[in-house]
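If you count the sequence shown from 1, position 448 lands on 459 in the working numbering, and the numbers rise without skipping.
These notes concern the structure reproduced below.
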Amino acid sequence: MGDRWYSEAVIYCLDVETYADSDGDGVGDIRGLIGRLDYLARLGVTCIWLSPIHPSPNKDDGYDATDFYNVDPRLGTLGDFAELLHQAQNRGIRVIIDLVVNHTSDEHPWFQSARSSPDSAYRDWYIWSEEAPDDRHQGMVFPGEQNETWSYDRTAKAWYYHRFYKFQPDLNMANPKVREEVKKIMSFWLQLGVSGFRMDAVPFIIELTEPGNPNSPKDMEFLTELRQHVQWRRGDAVLLAEANVEPDQLPVYFGDGSGSGNRIHMLFDFMLNGRLMLALAREDPETIIDALRDTPKLPTGGQWATFLRNHDEIDLSRLTTDQRNDVLAKFGPDEEMQLYGRGIRRRLAPMLGNDRRHIELAYALQFSLRGTPVLRYGEEIGMGEDLSLKGRDAIRTPMQWSYQPNGGFSTAEPEKLVRPVLDTGEFSYEKVNVTAQRKDPRSLLGWFERMIRTLREAPEIGSGSTTHIDVPLPAGVLAHRADGPTGTMVFLHNLGTEDVEVDLSTLQPEADLPVDVLSDRGYDEVGKLDRLKLAGHGYRWIRLCRSWSV
Ligand code: GLC
12 MGDRWYSEAV
22 IYCLDVETYA
32 DSDGDGVGDI
42 RGLIGRLDYL
52 ARLGVTCIWL
62 SPIHPSPNKD
72 DGYDATDFYN
82 VDPRLGTLGD
92 FAELLHQAQN
102 RGIRVIIDLV
112 VNHTSDEHPW
122 FQSARSSPDS
132 AYRDWYIWSE
142 EAPDDRHQGM
152 VFPGEQNETW
162 SYDRTAKAWY
172 YHRFYKFQPD
182 LNMANPKVRE
192 EVKKIMSFWL
202 QLGVSGFRMD
212 AVPFIIELTE
222 PGNPNSPKDM
232 EFLTELRQHV
242 QWRRGDAVLL
252 AEANVEPDQL
262 PVYFGDGSGS
272 GNRIHMLFDF
282 MLNGRLMLAL
292 AREDPETIID
302 ALRDTPKLPT
312 GGQWATFLRN
322 HDEIDLSRLT
332 TDQRNDVLAK
342 FGPDEEMQLY
352 GRGIRRRLAP
362 MLGNDRRHIE
372 LAYALQFSLR
382 GTPVLRYGEE
392 IGMGEDLSLK
402 GRDAIRTPMQ
412 WSYQPNGGFS
422 TAEPEKLVRP
432 VLDTGEFSYE
442 KVNVTAQRKD
452 PRSLLGWFER
462 MIRTLREAPE
472 IGSGSTTHID
482 VPLPAGVLAH
492 RADGPTGTMV
502 FLHNLGTEDV
512 EVDLSTLQPE
522 ADLPVDVLSD
532 RGYDEVGKLD
542 RLKLAGHGYR
552 WIRLCRSWSV
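Right, here's the structure in full:
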């Protein structure tokens with residue numbers, strides 16, 4: 012096994028408020044989540060990433076904190092959180108939390124004080140301008156929902172900067188006191204026992220904002236400082252960053268302390284996310300092959316986090332217009348499915364027409380590609396979205412546990428629920444729920460359990476090197492391999508719908524006892540690797556050889 016736990020982890024992301032409600036008030040809570048840890052252990056995930064848990068007016072799903080040192084009372088207490096860490100640890104599950112320190116809520120006492128007077132001790136914790144900055148209508152993250160990045164505050168009698176919504180004033184990271192506070196916040200949660208942080212909005216945290224300059228400089232050294240701090244406090248803690256930046260910028264985020272990364276450990280692979288969607292839409296693996304070829308080399312300890320779905324829209328902004336249009340035409344044809352002119356606010360199962368074979372193919376592919384897979388709650392049972400909800404809420408409906416009212420999420424009256432449970436159509440909780448799937452080994456949930464178990468027996472996927480197998484293949488088929496000290500895995504995925512036969516006999520000299528360890532159906536023996544059958548939307552994970560020396 013590798014030294015770095017996160018390289019061989021399976022991360023499951025969930026929002027406490029929509030996961031399980033233990034006290035019947037309509038809001039999911041930490042105690043509810045504790046009650047579901049056995050479910051997560053059985054699923055095989057090794058780490059959970061919690062969306063923001065801090066007290067918040069909740070105008071952006073908790074990404075607007077009013078106190079970084081507490082848990083929102085709607086979700087429970089700090090005591091409940093400590094209990095969660097203990098219970099998760101007993102099951103071998105680590106917990107990481109969202110750390111949203113680019114901004115606070117405008118209701119945070121720091122901002123309230125800052126705006127009240129130029130003499131406030133917190134005035135310089137935020138970013139102000141006396142004049143209206145020329146670039147105030149540039150750089151919005153949520154176009155359509157947000158029309159400026161600088162707003163005038165009447166109490167402060169000045170303009171303040173907010174990269175996101177108006178109610179999320181940016182903290183001033185140029186101020187050493189703010190930097191110290193961020194470190195203190197991290198220390199606090201590490202001391203409680205979290206295994207690290209999903210760092211929100213990292214490119215903006217390090218921005219040294221200058222009014223009127225839409226391309227303000229960035230202070231990458233702050234990331235080096237944070238990494239060092241975190242590592243001093245807890246050697247195995249991990250930073251998993253959201254940095255949806257140009258690909259050539261990514262290595263800078265990993266940092267290079269002479270070959271061993273000295274900044275962020277893990278970055279979400281946004282590029283791959285868009286390319287996976289494109290490959291699925293076009294039934295053509297070309298863009299994934301490109302991704303495998305041109306991904307920058309990572310420093311030791313650097314790792315990608317792969318995903319198909321997360322809590323936000325699928326961001327297609329890094330694809331070309333043609334590519335984006337192909338994905339939209341296939342997976343988000345109606346305007347109501349699209350968001351901010353760049354993305355799709357849907358879950359995967361409905362995008363793939365609830366076609367079980369296609370869903371398996373997509374997830375088998377994501378989980379077999381280099382990096383640590385991140386799985387969004389509900390995807391393991393094939394949940395759908397609710398397009399009648401606004402914006403990204405469409406994909407944030409409560410977890411569907413059972414046939415009971417509210418899908419077993421809560422015993423509250425439906426109108427009290429934090430968000431409505433999907434109760435109509437083919438994705439309603441009566442059709443898609445954990446209880447039903449748990450009883451059926453052929454269910455999607457049963458498949459995810461098997462797939463994750465198989466993945467965990469193949470550490471070369473997370474810790475090894477992944478390359479494209481460049482041999483002539485039928486259209487639509489991707490062949491790749493993962494090599495590590497533990498051996499070699501070979502993967503075939505057919506993005507097309509035709510049944511095909513694949514010849515991988517060039518690999519035969521390396522194979523000791525090649526065997527299918529996961530496939531969409533029972534295929535004939537692997538044999539000499541020269542006539543490998545592969546159904547339309549089929550996949551085969553083949554263990555080529557196992558190194559017995561490790
Ligand atoms: C990140 C989060 C998103 C949130 C935003 C502001 O992009 O993923 O959900 O709205 O930051 O904090």
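All C-beta atoms, glycine included, are put in the ideal place defined by N, C-alpha and C.
Would you mind listing the alpha helix (DSSP H) stretches within the stretch 61-105 that are 4+ residues and don't spill past its ends, in chain order? 89-101
Reference Thr122; option with closest CA among Leu182, Glu324 and Ala405: According to the sequence shown, residue 122 is Phe rather than Thr. Nearest of Leu182, Glu324 and Ala405 to Phe122, Cα basis: Leu182.
Is Ile217 helix, strand or coil when you go by DSSP? coil
Relative to the C-alpha of Gly498, which candidate in Gln239, Leu95, Thr477 and Leu283 has its C-alpha closest? Thr477
Strictly closer than 6 Å from CB to any heavy atom of the ligand GLC: give me those residues in the order they appear in the chain. Asp71, Tyr74, Val111, Phe175, Asp211, Ala212, Glu253, His322 and Asp323
Pick helix, strand or coil for Trp161, following the three-state DSSP scheme. Strand, per DSSP.
Taking all protein chains shown into account, decide if Met231 is buried (16 or more other Cβ within 10 angstroms of its Cβ) or exposed. Exposed, since its Cβ has fewer than 16 Cβ neighbours within 10 Å.
According to DSSP, Thr477 sits in a beta bridge with which residue or residues? Ala493
Among the residues of its own chain, which have a CB less than 6 Å from the CB of Phe378, if the five just before and after it don't count? Pro384 and Leu466
For Thr317, count neighbouring Cβ atoms within 10 angstroms of its own Cβ and tell me buried if that reaches 16, exposed if not. buried
Alpha helix (DSSP H) containing Gln334: first to last residue? Here the alpha helix (DSSP H) through Gln334 covers Thr332 to Phe342.
Burial state of Leu540, where buried means 16 or more other Cβ atoms lie within 10 Å: buried
Where does Val445 sit, in a helix, a strand or coil, going by DSSP? helix
Would you mind giving the Cβ-Cβ distance between Leu86 and Asp211, rounded to the nearest angstrom? I have them listed as a contact below 8 Å. Incorrect: roughly 18 Å between the Cβ atoms, too far for contact.
Decide yes or no for the touch test of the stretch 123-131 against the stretch 86-96: beta carbon pairs closer than 8 Å, at least 3 of them. no
Counted within 10 angstroms of its Cβ, other Cβ atoms place Lys401 as buried (16 or more) or exposed: Result: exposed.
Near Val501, what residues of its chain come up, given a Cβ to Cβ distance below 6 Å and the 5 sequence neighbours on each side ignored? Arg492, Ile553 and Leu555
Going by the beta-carbon positions, is the gap between Pro344 and Phe178 smaller than 9 Å? Going by C-beta atoms, Pro344 is not nearer than 9 Å to Phe178.
Residues in its own chain within less than 6 Å of Pro296 by CB, not counting five upstream and five downstream? Ala290, Leu489 and Leu506
Give a yes or no on contact between the stretch 46-58 and the stretch 222-240, applying the rule of three or more CB pairs nearer than 8 Å. The stretch 46-58 vs the stretch 222-240: no contact.
At the level of alpha carbons, what is the spacing between Leu250 and Gly55? The straight-line gap from Cα to Cα measures roughly 22 Å.
Opening and closing residue of the alpha helix (DSSP H) in which Tyr171 lies: Here Tyr171 belongs to no alpha helix (DSSP H); instead the beta strand (DSSP E) covers Ala169 to Tyr172.
Looking at Val38: is its Cβ nearer than 9 Å to the Cβ of Val429? Yes, Cβ-Cβ distance for Val38 and Val429 is below 9 Å.
At 3 residues or longer, what runs of the beta strand (DSSP E) sit wholly inside the stretch 300-328? Correct list: 314-318.
Per-residue burial, Gly312 [other beta carbons within 10 Å of its own, 16 or more giving buried]: buried
When the Cα of Arg551 is compared with those of Glu521, Trp559 and Leu515, which residue comes out closest? Leu515
Name the DSSP bridge partner or partners of Ser22? It should be noted that the sequence gives Ile, not Ser, for residue 22. Looking at the DSSP assignment, Ile22 forms a beta bridge with Cys58 and Val385.
For Asn284, count the other beta carbons within 10 Å of its own beta carbon; 16 or more makes it buried, fewer makes it exposed. Which is it? buried
Using DSSP with H/G/I as helix, E/B as strand and the rest coil, what is Gly402? For Gly402, the three-state secondary structure derived from DSSP is helix.
Reduced DSSP secondary structure (H/G/I, E/B, other) of Glu512: strand
Let me check one thing: in DSSP terms, what residues is Ile108 bridge-paired to? Leu61 and Phe208
Just curious, the alpha helix (DSSP H) that Ser196 is in, first and last residue? At residue 196 the sequence reads Ile, which differs from the Ser that was named. First-last of the alpha helix (DSSP H) with Ile196: Pro187 to Leu203.
Cβ-heavy atom distance, Thr478 to the ligand ATP, below 8 Å: No copy of the ligand ATP appears in this structure; the ligands present are the ligand GLC.
What residue range does the beta strand (DSSP E) around Thr465 cover? Thr465 -> not in any beta strand (DSSP E); alpha helix (DSSP H) instead, spanning Leu455 to Arg467.
What's the C-alpha gap between Lys442 and Ala360? 13 Å
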